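J.: Before anything else, here's the structure in question.
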Amino acid sequence: MLSHTLISLLGLAATALSQTANINFYDTDDICRSGLFASCTNLPPNSCCALASNQLATCMDFATTTPGGIGTAFSSQGGNQCAVVLERLSSGVCVCPNGFPVISGGSWNTSASRRSMDDKPCETTIQPNAFGWTENESTWMVYNEDEATYTNVADAVANGTAKTDIGKFIREHGQQV
């Protein structure tokens, strides 16, 4: 019996360790369907994906790699990009809290219920590791592993380049997913 319990616990631990999520931040109020977005891909549970301190998103979505999980959209406070809970959401859902850019970060947890979530701080904070462009139900991604292309997109975003121009660059140099 003890060996069966130990094997079951090891299986649960392996599943929990392998669960990740993608969190996407959109700066337009179109319910996460089109345009430019910043993304944290393969984000482990209870990690904060934080936008730069001078960036805010209007909408956020997240999707887990396995069933379950609850995401949280945050607003910043006192330099902490994941300080104030704005919304909780299920995997596959998009939130736009008020239609204005107020989201500064996001995280997720393996909890099965929004009611059972507690507001403990994130264990780690990371910056987005990808940019994406969605148009006509097709999506292209640029990941930070392609350092030159990723840096070009990040610089264009920081410099206020027209989003359609950034989207064209991502379509030309990114990967269609």
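Numbering (numbering that gives the first Met the number 0), first residue to last: 0 to 176.
Ideal Cβ positions, reconstructed from N, Cα and C, are used throughout, including at glycine.
In this text the structure is predicted, and so the values were computed from the model without any measurement.
Where does T14 sit, in a helix, a strand or coil, going by DSSP?
T.: Position 15 of the sequence shown, counted from the first residue, corresponds to residue 14. Below a pLDDT of 50, predicted positions are generally treated as unreliable, and T14, at 45, falls in that range; the measurement from the model is reported next regardless. Shown here, T14 sits in a helix according to DSSP, grouped into three states.
J.: What residue does the alpha helix (DSSP H) around T64 start on, and which one ends it?
T.: Walking along the sequence shown from the start, residue 64 turns up at place 65. No alpha helix (DSSP H) contains T64, which DSSP labels as neither H nor E.
J.: Count the other CB atoms within 10 Å of the CB of Q76; is the residue buried (16 or more) or exposed (fewer)?
T.: Numbered from its first residue, the sequence shown carries residue 76 at position 77. Exposed, because fewer than 16 other Cβ atoms sit within 10 Å of the Cβ of Q76.
J.: By DSSP, does G68 sit in helix, in strand, or in coil?
T.: Working through the sequence shown from its first residue, we reach residue 68 at position 69. G68: coil per DSSP, three-state reduction.
J.: Tell me the start and end of each unbroken beta strand (DSSP E) in the region 26-109 that is at least 3 residues and wholly inside, in chain order.
T.: 34-42, 46-49, 58-63, 69-76, 79-89, 104-108
J.: Taking just the CA atoms, how far does I169 sit from V141?
T.: To locate residue 141, count along the sequence shown from 1; it is residue 142. To locate residue 169, count along the sequence shown from 1; it is residue 170. When rounded, the distance between both Cα atoms is 6 Å.
J.: Taking three-plus beta-carbon pairs below 8 Å as touching, is the region 141-158 in contact with the region 77-86?
T.: Contact check between the region 141-158 and the region 77-86: fewer than three CB pairs, one atom from each, fall below 8 Å, which does not count as touching.
J.: Specify, as a first and last residue, the run of the beta strand (DSSP E) that G131 falls within.
T.: Locating residue 131 in the sequence shown gives position 132, where the first residue counts as 1. Here the beta strand (DSSP E) through G131 covers 129-134.
J.: Cβ atoms of V101 and L55: under 8 Å apart, would you say?
T.: Here residue 55 refers to the residue found at position 56 of the sequence shown. Here residue 101 refers to the residue found at position 102 of the sequence shown. At a Cβ-Cβ threshold of 8 Å, L55 and V101 count as neighbours.
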